[in-house]
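Take the sequence shown: its position 115, counted from the start at 1, is 115 in the working numbering, and no numbers get skipped.
Cβ atoms here follow ideal geometry from the backbone N, Cα and C, with glycine treated the same way.
All of these numbers come straight from a predicted model, not from anything done at the bench.
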Amino acid sequence: MKKYIIIAVVVGMLGWSFYEFFGSSDNDTHQEDAGLAPGQTAPNFEVDTLEGNTVKLSDFRGEPVIINFWATWCPPCRAEMPDFERLYNEEDAVILAMNLTHSENNIEGVSGFVDELGLTMPVLLDEEGTVEDSYQLSAYPTTYMIDSEGVTQYVARGAINYETMYREFMVLE
1 MKKYIIIAVV VGMLGWSFYE FFGSSDNDTH QEDAGLAPGQ TAPNFEVDTL
51 EGNTVKLSDF RGEPVIINFW ATWCPPCRAE MPDFERLYNE EDAVILAMNL
101 THSENNIEGV SGFVDELGLT MPVLLDEEGT VEDSYQLSAY PTTYMIDSEG
151 VTQYVARGAI NYETMYREFM VLE
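1) Express the C-alpha separation of P76 and I107 in angstroms, rounding to a whole number.
2) Would you list, in sequence order, the uninterrupted beta strand (DSSP E) runs of no fewer than 3 residues that lie entirely inside the segment 96-148?
3) Just verifying my parser: in three-state terms, what is the DSSP assignment at E63?
4) Please return the same chain residues whose Cβ sits closer than 8 Å to the Cβ of T120, not counting the five positions on each side in sequence.
5) Over the uninterrupted beta strand (DSSP E) stretch that includes D83, give me the two end residues.
6) Using 10 angstroms around the beta-carbon of R157, count the other beta-carbons present and answer buried if the total reaches 16, otherwise exposed.
7) So, helix, strand or coil for D48, using DSSP?
8) Span of the beta strand (DSSP E) holding T54?
9) Which word fits E149, buried or exposed, when buried means at least 16 other C-beta atoms lie within 10 angstroms of its C-beta?
10) For L137, tell me which candidate among I67, E63, E173 has the shortest Cα-Cα distance.
11) Does the beta-carbon distance from V65 to L124 come in below 8 Å?
Encoded structure:
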């Protein structure tokens with residue numbers, strides 16, 4: 001009897017995991033009520049880049065900005081990085097790749113990740129987690145698309161594909 005209960009629990013957990021992972025192919029389901037929502041002003045921040053420069057969100061006022069929160073240990077983050085790099089290069093998009101540095105083992109690992117993927121977009125370092133807190137992250141990766149006035153227009157919690165990135169970025173233009 002105990003064996004059947006364990007099997008039932010395992011099957012139930014696998015079913016739930018499958019549903020969570022494959023449950024919906026519509027990327028708009030990534031928009032949720034939790035955290036910073038579309039229509040809200042994006043919080044300003046000031047952080048250093050991987051190269052040691054200081055960047056503020058307000059430096060980009062007047063142009064649309066994509067902020068992607070990610071970490072090297074996050075498989076969905078790794079999967080979407082080439083698409084962000086493509087959008088950055090092909091559409092001249094302002095993409096701020098905000099690394100959750102406080103969750104990393106070390107900055108060298110971040111640098112190695114960037115080199116491995118050949119990323120040329122700016123990599124920002126949220127070393128204390130203050131930007132993550134102000135944007136109220138509830139999942140990794142999370143992407144915010146912000147219009148030229150500094151207002152959040154689109155939020156994706158979880159990985160997004162190139163088509164979604166492109167479509168939502170074009171709405172900002």
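In this structure, then:
1) Straight-line Cα distance between these residues: approximately 20 Å.
2) Here the runs fully enclosed are 123-125, 142-146.
3) The answer is coil: DSSP assigns E63 none of H, G, I, E or B.
4) In chain order, E85, Y88, N89 place their CB closer than 8 Å to the CB of T120, counting only its own chain and leaving out the 5 sequence neighbours on each side.
5) Residue range 75-90 is occupied by the alpha helix (DSSP H) that includes D83, with no beta strand (DSSP E) assigned at that position.
6) Burial call: buried.
7) DSSP places D48 in the strand class (E or B) of the three-state scheme.
8) Residues 54-56.
9) Result: exposed.
10) The shortest Cα separation from L137 among I67, E63, E173 belongs to I67.
11) Not in contact: V65 and L124 (Cβ atoms no closer than 8 Å).
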